[in-house]
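First comes the structure, then the notes that go with it.
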Amino acid sequence: MNLQRFAIPVLIFGLLAIAWRSYGWPGIAAVGGGLVMWLLLHLTRLMTVMQRATKRPIGTVASAVMLNAKLKPGATLLHVTAMTRSLGERLSAEGEQPERYRWRDASDSFVTAEFAQGRLTQWTLTRPPSP
Numbered sequence: 002m003n004l005q006r007f008a009i010p011v012l013i014f015g016l017l018a019i020a021w022r023s024y025g026w027p028g029i030a031a032v033g034g035g036l037v038m039w040l041l042l043h044l045t046r047l048m049t050v051m052q053r054a055t056k057r058p059i060g061t062v063a064s065a066v067m068l069n070a071k072l073k074p075g076a077t078l079l080h081v082t083a084m085t086r087s088l089g090e091r092l093s094a095e096g097e098q099p100e101r102y103r104w105r106d107a108s109d110s111f112v113t114a115e116f117a118q119g120r121l122t123q124w125t126l127t128r129p130p131s132p
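Per the working numbering, residue 2 is the first one in the sequence shown, and the count goes up by one each step.
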């Protein structure tokens, strides 16, 4: 089971409880303001990544070889989308796990990436045969 599903709400509740115990309503307001700022920062990043991705064709990347070198296990789909500045070409069916996406460059090299629960698990670089 995913630990973050439970740890983050418990941490937020703990921060609010400590703020209440230490400072009362002003403490809750300060912690609440910090949580709202954190949420807005993440939402702004998500919107920026998606706006950049809409300006490129789906499944394209400047260099598949460089993308292959930059990928690391555990990276989120949002992080890979930010690196490529493009949405990946979906290869798996909707809602199927693991999700598979492909990014292709101008030389017909491509990277196929597998994401399980939104995290990168494995990827392969495929290059066309040289003449």
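Ideal placement from N, C-alpha and C gives every residue a C-beta, glycine not left out.
Flag this pair as yes or no: are the beta carbons of residue i and residue j separated by less than 8 Å?
i: Arg103; j: Phe116; result: no
i: Gly140; j: Ser23; result: Since the first residue of the chain shown is 2 and the last is 132, residue 140 is not available in this structure.
i: Val50; j: Thr82; result: yes
i: Gly25; j: Thr77; result: no
i: Leu47; j: Leu92; result: no
i: Thr122; j: Pro99; result: yes
i: Ile29; j: Trp21; result: yes
i: Ser108; j: Pro129; result: yes
Write down the C-beta distance between residue i and residue j rounded to the nearest angstrom, noting that I regard them as a contact closer than 8 Å.
i: Val37; j: Leu16; result: Not quite, the Cβ-Cβ distance comes to about 13 Å (not below 8 Å), so this is no contact.
i: Val62; j: Arg105; result: 7 Å
i: Trp124; j: Leu72; result: 5 Å
Indicate the three-state DSSP secondary structure (helix, strand or coil) for residue i in the structure shown.
i: Gln52; result: helix
i: Gln5; result: helix
i: Leu126; result: strand
i: Leu17; result: helix
i: Ala76; result: coil
i: Ala114; result: strand
i: Arg103; result: strand
i: Arg91; result: strand
i: Arg46; result: helix
i: Leu132; result: Just to set this straight, residue 132 is Pro in the shown sequence, not Leu. It is coil, neither helix nor strand.
With DSSP as the reference, please indicate the residues paired to residue i in a beta bridge.
i: Tyr24; result: DSSP lists no partner for Tyr24.
i: Leu121; result: Phe116
i: Thr61; result: Arg105
Is the shortest distance between the beta-carbon of residue i and the beta-carbons of chain B less than 8 Å?
i: Tyr24; result: Included in the structure is just one protein chain, with no chain B present.
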